[in-house]
Amino acid sequence: MKKASFAITLLCLFVIALASCEKLLPPAPKDEEVLAGTIPGLTAEQEREHLVGDEAFGTIFSKEEGLGPIFVQTSCANCHIGNGKGHPSAELTRYAYVNGSTVDYLTTKGGPQLQQRAVIGYAPESLPSEANVFSKRIAPAVMGLGYIAALDDQSILNNADSSDANGDGISGRPNYVNPTDFFSPLAIHISSGGKYIGRFGKKAEKVAIQDQVVFALKQDIGITSDFDMQDLYNYQIGINTGDNVPDPEVSASFVNSLVFYMRTLKAPPRRNAEDADVLAGESIFNSIGCVSCHIPTFTTAITDISALSNQTFHPYSDFLLHDMGSALDDGYPEGSANGSEWRTPPLWGIGLAKDSQGGQLFLLHDGRAHSFEEAISFHGGEATSRRSAYYNLSPTEKDQLIKFLESL
Amino acid sequence: MKLFTLNYKIICILLVQTCVINSFAQKDSSLVKRIPSDTSKLNMNLDAIYNRPFLQIGKMPVALGGYIEVNTDYSGTDGVNEGLSFQFRRLTMFMSSTITKKIKFLTELEFEDGTKEINIECAAIDFEFHPLLNLRGGIIMNPIGAFNQNHDGPKWEFIERPISATQMLPATWSNAGFGLHGKLYKSDWVLAYEAYLTNGFDENIISNTEGKTFLPATKLNRDRFEESFNGKAMFTGKVAIKKRKIGEIGFSYMGGVYNQYQLDGVILDKKRKVDVFAIDISTNILKTNTAITGEFAWVLVDLPDDYIQNFGNKQRGGYLDIVQPILKRKMFGWENAVLNLAFRTEYVDWNVGTFEATGDNIYESVFGIAPGISFRPSGQTVLRFNYRYQWQKDILGNPPARTAAIQFGISSYF
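Heads up: the sequence lines are chains A and B, in that order. Residue numbers for the first sequence, in our numbering: 8 to 415. Residue numbers for the second sequence, in our numbering: 110 to 523.
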């Protein structure tokens with residue numbers, strides 16, 4: 008009898024444990040607290056394709072899989088940790104020789120980007136002596152890129168005012184760049200003399216997500232693809248050295264999976280949007296003219312993914328180039344952008360930046376600003392008047408503005 | 110094809126052995142003699158490979174043994190539920206033989222995850238010249254820490270092996286080589302040493318798909334039983350001391366050159382070393398019969414300059430297990446059955462240091478706890494129920510990924 012009751016007790020404990028299994032597992036973080044997740048409205052097949060891309064995004068390349076032989080990082084996810092903004096420990100350096108209007112990206116000397124690491128047994132690249140301009144950058148967040156990609160060029164051009172015709176001191180202009188060999192224009196794209204409007208990258212130097220993916224695979228990880236078969240090598244050692252893995256090292260489908268993954272990552276979520284201070288901060292954001300460049304709302308065009316078609320989204324950017332003054336002038340031109348011109352960075356997700364940057368803020372293109380206030384202090388050039396307006400706010404108003412930014 | 114043929118042969122040999130034992134057992138069970146583990150002496154962690162139950166058939170010079178591990182796994186990370194899986198972790202078979210007096214042989218063959226991995230974990234001959242001087246040669250379990258040598262599933266109350274032992278150190282880790290070991294007994298004390306030269310690590314430890322310094326990646330080098338990666342031997346040494354009724358403490362070191370610093374006589378790089386230091390303890394509090402087992406290790410790797418920061422040149426980690434018997438009596442017809450409460454806490458930091466760019470701490474660490482209940486019908490069999498919860502931080506120390514697992518498992522010698 009005693010034995011039976013003991014057995015029954017054990018059985019009951021086992022059943023209770025089974026029944027509570029689900030509750031013993033960690034719950035998902037609140038949706039508005041993370042940058043992972045898909046855009047709403049995807050089909051099951053599209054969700055599955057997103058997961059394929061997610062795996063590709065996290066793939067860590069080794070020497071045997073074609074890493075390098077010189078590289079910056081070993082995977083996409085190592086720069087874009089948690090899909091968020093990057094960290095100075097993973098910064099990259101672009102370089103060139105600039106003399107007046109002459110720009111040489113020193114491609115025969117390893118340019119345009121430094122690969123400061125190498126697979127074991129091979130030497131990393133060092134900066135060529137000819138380089139005289141250097142641009143250090145940290146990775147941007149990759150959330151919501153599908154919405155930006157689905158924006159038609161006309162929506163970007165609508166906000167351009169290169170001659171400051173409206174006299175607001177802001178003269179945003181599109182960066183027309185030469186398209187890549189594999190770029191296929193869509194109905195949303197408007198050509199100007201064979202060039203197209205860049206909308207991705209710190210200086211809007213990339214027209215399409217695919218351009219950036221192929222570029223980063225090669226320049227950041229040293230991975231060749233069907234779209235770019237020429238591997239990296241250290242020019243100080245010799246052409247085509249250091250990598251015995253057959254090219255392409257990844258297929259077109261791998262690249263396409265990455266592109267699909269980034270297209271279908273959700274837009275960064277907002278938090279406390281109805282909080283009184285946040286609403287007051289939003290009002291200040293508009294009134295002091297931040298909104299002239301950080302335009303809150305756009306609507307996508309029709310695109311192949313119906314969940315991205317005709318969608319209103321809130322990037323807080325105009326995707327145009329602006330002269331940001333001497334403090335942010337890196338002297339490094341890209342496309343038609345000069346050293347002091349930068350694309351207005353989308354502010355969405357900036358409130359969650361800390362959670363992908365190790366609990367601290369590293370803002371601006373190179374992570375030099377450690378607070379919103381410091382980032383604002385670097386706003387010069389066209390943005391000087393907005394910076395001054397910020398300085399003229401009362402402490403309470405400044406606090407409300409920061410709370411609004413933290414809600415993005 | 111070659112690998113397939115080898116695997117096929119191994120499987121055939123083992124099947125034949127199993128059939129032979131079973132046929133003897135069916136005809137006359139007295140022919141099969143169970144050799145219990147030797148408890149007359151002060152056994153230490155280094156004795157673990159011999160301190161196992163064996164079966165001997167008649168007067169056959171070979172004794173056989175083995176164990177299996179199987180479990181369920183219900184786990185999830187941050188709300189993503191992986192669901193329920195059944196895992197056949199491993200089937201391990203060992204054979205030992207006393208070739209002549211003072212010459213012993215032991216081998217351990219392991220099938221992991223079905224037949225996904227088949228390894229000779231150990232195959233060594235011991236020559237005893239004196240209790241203080243034994244020569245061992247073959248495939249040797251490098252005595253770093255305690256777990257690597259003392260890893261049999263039925264000995265542990267936890268389904269998962271310690272993270273520090275398998276994800277920082279490469280347990281189970283063995284290499285071809287030679288060495289010496291011995292013990293000195295003095296009343297209630299025993300002092301033991303081991304010192305081996307074996308093949309060692311290779312460049313996989315910093316060139317792998319983990320994207321971090323990862324010593325276990327060296328196990329991918331199947332050639333390590335055939336030749337050294339760089340012609341430099343790795344040294345593994347351990348000193349341990351044990352006092353009856355108190356416990357054992359061991360200090361161990363393993364290190365050597367891991368890179369291909371030369372090729373065909375051409376010097377390619379400086380010699381880069383990996384050094385591993387470990388301390389292990391095991392004790393039993395007599396008053397409460399509480400068993401405490403722990404191990405902590407430090408890894409130092411001489412990295413190329415361009416690897417430092419993203420790859421750790423220092424690592425550390427360990428675990429502490431506490432096992433408390435709460436019921437020890439005849440249960441369900443099993444004499445001396447024991448019900449235990451168990452608790453493990455563990456920690457690994459794969460990249461100890463700070464970022465040059467910011468001066469901030471580099472994380473890439475995990476902390477975990479695992480409470481559990483185990484039931485031992487006999488000392489050789491364990492049914493265990495574990496709940497694991499761990500917090501894993503990325504290199505920047507962002508909010509940790511939380512993973513939990515509910516596991517039920519069986520492990521038994523046979």
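Backbone N, C-alpha and C fix where the C-beta goes; we use that ideal spot for every residue, glycine too. These figures come from a predicted structure and were not determined experimentally.
query	result
Report the option in B:I515, B:T454, B:I355, B:L492 whose CA atom is closest to the CA atom of B:E404.	B:T454
Buried or exposed for B:W298, going by 16 or more other Cβ atoms inside 10 Å?	exposed
Enumerated in chain order, which unbroken segments of the alpha helix (DSSP H) with a length of 4 residues or greater are wholly contained in the segment 59-130 of chain A?	83-86
Opposite B:T402 in the DSSP bridges: which residues?	B:S391, B:D430
The beta strand (DSSP E) with B:D216 in it runs from where to where?	Looking at the sequence provided, one finds Thr at residue 216 of chain B rather than Asp. B:T216 -> beta strand (DSSP E) spans 212-221.
Just list the residues that DSSP pairs A:K273 with in beta bridges.	Beta-bridge pairing links A:K273 to no other residue.
What is the residue span of the alpha helix (DSSP H) that A:I195 lies within?	No alpha helix (DSSP H) contains A:I195, which DSSP labels as neither H nor E.
Using the Cα positions of B:N422 and A:K92, report the straight-line distance between them to the nearest angstrom.	26 angstroms
What is the residue span of the alpha helix (DSSP H) that A:E404 lies within?	402-414
Is A:I302 buried or exposed, if buried means 16 or more other CB atoms sit within 10 Å of its CB?	buried
Could you name each continuous beta strand (DSSP E) segment of 3 residues or more that falls completely within the segment 243-301 of chain B, going from the start of the chain to the end?	283-295
Is the beta carbon of B:Y416 within less than 7 angstroms of some heavy atom of the ligand NAD?	No copy of the ligand NAD occurs in the structure displayed, which carries no ligand at all.
Opposite A:P303 in the DSSP bridges: which residues?	Per DSSP, none; premise fails for A:P303.
Please report the straight-line C-alpha distance between A:F369 and A:R144, rounded to a whole angstrom.	11 angstroms
Could you give the DSSP three-state label for A:A223: helix, strand or coil?	helix
Leaving out the 5 sequence neighbours to the left and right, which residues in its chain are closer than 7 angstroms to B:L450 when beta-carbon positions are compared?	Q433, I435, I482
Quick one: measure Cβ to Cβ for A:E98 and A:G117, integer angstroms, because I've assumed they're closer than 8 angstroms.	Wrong, their Cβ atoms sit about 17 angstroms apart, outside the cutoff.
Which residues in chain A sit within 7 angstroms of B:D187, going by Cβ to Cβ distance?	P33, A35, P36
Between A:Q364 and chain B, is the shortest Cβ-Cβ distance under 8 angstroms, so that the two count as touching?	yes
Given A:D330, which residues of its chain have a CB within under 6 angstroms of its CB, disregarding the five upstream and five downstream residues?	S347, E348, G388, E389
Excluding the 5 residues preceding and the 5 following B:D235 in the sequence, name in chain order all residues of the same chain whose CB lies nearer than 6 angstroms to its CB.	K213, N243, R245
When you compare the CB positions of A:V105 and A:V140, do they come within less than 8 angstroms of one another, or not?	yes
Can you list, in chain order, the residues of its chain whose CB lies under 6 angstroms from that of A:L400, leaving out five sequence neighbours each side?	none
Please tell me whether B:N339 has its Cβ less than 8 angstroms away from any Cβ of chain A.	no
Going along the chain, which residues of the segment 113-130 of chain A sit with their C-beta nearer than 8 angstroms to a C-beta in chain B?	Q123, R124, A125, V126, I127, G128
What residues in the segment 433-465 of chain B have a beta carbon less than 8 angstroms from any beta carbon of chain A?	M440, F441, F464, E465
I want to verify the contact list: residues of chain B whose CB lies under 7 angstroms from the CB of A:K70, in sequence order.	S316
State whether the segment 324-341 of chain B contacts the segment 287-306 of chain B, with contact taken as three or more CB pairs (one from each stretch) at a distance under 8 angstroms.	no
Could you tell me the alpha carbon to alpha carbon distance between A:L272 and A:T310, rounded to whole angstroms?	16 angstroms
Starting from the C-beta of B:E473, find all residues in its chain whose C-beta is less than 8 angstroms away, skip the five residues before and the five after it, and write them out in chain order.	K321, G421, D458, W459, N460, K502, D503, I504
Please report the residue range of the alpha helix (DSSP H) in which A:C28 lies.	28-31
Report the neighbours of B:N190 on chain A: residues whose CB is nearer than 8 angstroms to its CB, in chain order.	E29, L32
Between which two residues does the beta strand (DSSP E) containing B:D458 stretch?	443-458
On the criterion of 16 or more Cβ atoms from any shown chain inside 10 Å, does A:M236 qualify as buried, or is it exposed?	exposed
Given a cut-off of 8 angstroms, decide if B:A514 and B:R497 are closer than it, judged by their beta-carbon atoms.	yes
Quick one: is B:N308 buried, meaning 16 or more other Cβ sit within 10 Å of its Cβ, or exposed?	buried
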